[in-house]
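Shown next, in structure tokens, is the structure this report addresses.
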Amino acid sequence: SAQIGPRTTQLASASAGISERMLMAYEASALSVADWAFHVDTERRERLAGCTPLALAEDPCMRAVLARIGRLAFRRALDSAEVDRYAALAADLGQDDPWEGLTFAVSGLLQSPHFLYRQEFVDAKKTNTQRYASHTMATRLAFFLWNGPPDDALLRAAEQGQLETAEDTAAVVGLMLADPRAEAGRRSLLAELFHADLLAELQKDPTTFPDFDDELRDAMAEQLELTLNLAANEGSLASIFTTKTTFLNARLAELYGVDGDFGPELQAVTLPADSPRAGALTLPAILATRSYPGHTSVALRGLFVRKDLLCQDIPPPPPDVNPTLRTPSSGELVTTRELLAEHQTTPSCWGCHASMDPIGLALEKFDASGRFRDTQNGLPIDTGGDLDGVPFSDALGLGEALAAHPGVDSCFANNIYAYGVGRVVTVAEQKQLTAAIESKLSGRLALDEALRVIATSELFATMQVKTEQP
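In the numbering used here, the protein residues as written are -16 to 453.
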């Protein structure tokens, strides 16, 4: 599919606009930050500034402060006209108090489109290429690997020409991945790929799930982040689907049916071999967010695996088809599998459900809150099926089949690239990315390996001027 890319906040923010209300919020936030820096914390402001400013546009101190803060805010050096503009603003508004003028000027920097948006420029010195300019590469790398802006050292590397070739960029990327900030970048990436944001507003029917509350939901969110991060950093990305190590607190231990001395804080736990859980697909956060408030959804769970973990295109249901399952009549005891069997009699439905339903049915022993169950309506639950010809009998088998699937590594690579560039990936980019990954891959794809290959590739360093339409 040409529409590869996770449903992430990265992709959403790349295409969203700013409302008047958001603009007012930015203004208030910018002024609050600048006021704190230069008025509230008066003991530190001169250390922050490095000098005492005068209310003059030509004052060297005023200009130096604005140039230094502006460089970090804009993620590039300010040109002389920009320094002139903000210095004049500071002088005009700070005639009675230079710190007041500096407050408003810095507030202006923090409201500028150069701060709020990541503008990307190609290298003007290389007329025969679309390779990004060094300061643009610094920003791309920082948000990709650290989930934050470039620091002084990275900007300095860009200014010294250390991001102009693949070899130099590889050396910088190696240092960035070893930096403690890379840990936050990895966590942000994994949270995006598995849609952790869906948990923020997750609610369940209080009658059906009286124990589901904000405390449990928050524990699920933290468990998801910790489990994904540990699995991805200790093994291959595919091991995310088979790991027996997770994190529990008292609330989650009760949900899991695990005995032990647990408190409010999550702690690492290795699940026993006979546990029905292993890997990401059996985490309550994944199961609960791919369910409805009162019951499970085979289709949502199957669609998640097909679309987000295997990067396969599943079209929406035809407009003339009712996608909801029929409601059992009073006293009728049936399982979800039996209700779904009715889809097989409708070709327009079964064409897609044939690929999704076996996956979702493998997870049917976990209810809409993520709690394990052996039966549904007093009837045994059949979780057997196959994933593209590989048979399994339960959720554990599904996780193993998914981990071994030939498409899972390439899908991870495509989704990681989409996260890094903030847009969907075209077919041409997929082919280039696959070639880049395969040329460096010695075994199963690992997270840092994927980050390194993508960050140092020509694909990441070059502006894609032609966008294919899906």
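Note that the Cβ used here is the ideal one computed from N, Cα and C, for glycine as well.
Asked: Rounded C-alpha distance that separates Gly390 from Asp62; Found: 47 Å
Asked: Residue from Asp431, Ser2, Gln447 whose Cα sits closest to the Cα of Glu217; Found: Asp431
Asked: Neighbour-count burial assignment, Arg356, 16 or more Cβ in a 10 Å radius; Found: exposed
Asked: Alpha-carbon to alpha-carbon, Ala268 and Ala204; Found: 6 Å
Asked: Coarse secondary structure for Phe349, derived from DSSP in three states; Found: strand
Asked: The alpha helix (DSSP H) enclosing Phe195, as first and last residue numbers; Found: Where Phe195 is concerned, there is no enclosing alpha helix (DSSP H), given that its DSSP letter is neither H nor E.
Asked: Given Tyr400 as reference, the closest of Thr439, Gly380, Ala387 once Cα atoms are compared; Found: Thr439
Asked: The alpha helix (DSSP H) enclosing Thr229, as first and last residue numbers; Found: Element bounds for Thr229: not the alpha helix (DSSP H) but the beta strand (DSSP E), 228 to 231.
Asked: Ser(-16) versus Asp80 - alpha carbon distance; Found: Summary for Ser(-16): the model assigns pLDDT 30, below 50, so the residue's position carries little reliability; its value from the coordinates is reported in the next sentence. Roughly 59 Å separates the two Cα atoms.
Asked: Beta-bridge partners of Gly368, as assigned by DSSP; Found: Phe375
Asked: Top-ranked residue by Cα proximity to Ala378, from Ala47, Glu166, Lys187, Ile342; Found: Ile342
Asked: Span separating the alpha-carbon of Arg320 from that of Ala8; Found: 49 Å
Asked: Exposure label - Asn130; buried when at least 16 CB within 10 Å; Found: buried
Asked: Run of the alpha helix (DSSP H) containing Ala251, from where it starts to where it stops; Found: Where Ala251 is concerned, there is no enclosing alpha helix (DSSP H), although the beta strand (DSSP E) it sits in stretches over 250 to 253.
Asked: Given 8 Å, three or more beta-carbon pairs between the stretch 136 to 147 and the stretch 86 to 102; Found: no
Asked: Stretch pair the stretch 66 to 84 + the stretch 34 to 46: three plus CB contacts closer than 8 Å; Found: yes
Asked: DSSP-derived helix/strand/coil call for Thr417; Found: helix
Asked: Same chain only: Cβ atoms within 6 Å of Arg51, ignoring 5 sequence neighbours per side; Found: none
Asked: Length of the line joining the Cα atoms of Val16 and Leu442; Found: 37 Å
Asked: Beta-carbon contacts of Thr226 that lie in its chain and below 6 Å, excluding the five residues immediately before and after; Found: Ala214, Gly262
Asked: Cβ-based neighbour list, Ala13, same chain, cut-off 7 Å, excluding 5 preceding and 5 following; Found: Ser90, Leu93, Gln94
Asked: Identity of the residues DSSP links to Pro363 by a beta bridge; Found: Thr358
Asked: Backbone CA spacing between Ser393 and Glu26 [nearest angstrom]; Found: 53 Å
Asked: Coil, strand or helix - Arg28 by DSSP; Found: helix
Asked: Ser63 - containing alpha helix (DSSP H), residue span; Found: 63 to 76
Asked: Arg51 in three-state terms, based on DSSP; Found: helix
Asked: Ala251 and Phe245 closer than 8 Å at C-beta; Found: no
Asked: Three-state class that DSSP yields for Thr318 in the structure shown; Found: coil
Asked: From Pro189, Thr191, Ala174, residue whose alpha carbon lies closest to that of Ala183; Found: Ala174
Asked: Between the CA atoms of Ile420 and Met446 - distance to the nearest angstrom; Found: 19 Å
Asked: Burial state of Glu198, where buried means 16 or more other Cβ atoms lie within 10 Å; Found: exposed
Asked: Unbroken alpha helix (DSSP H) run spanning Ile437, endpoints; Found: 430 to 438
Asked: Cys44 versus Gly157: straight-line alpha-carbon distance, rounded; Found: 36 Å
Asked: Among Pro259, Ala282, Leu293, the one whose alpha carbon lies nearest that of Gln299; Found: According to the sequence provided, residue 299 is Pro. The question's Gln does not apply to it. Closest by alpha carbon: Ala282.
Asked: Rounded C-alpha distance that separates Val48 from Ala32; Found: 6 Å
Asked: Where Ser2 sits in the DSSP three-state scheme; Found: coil
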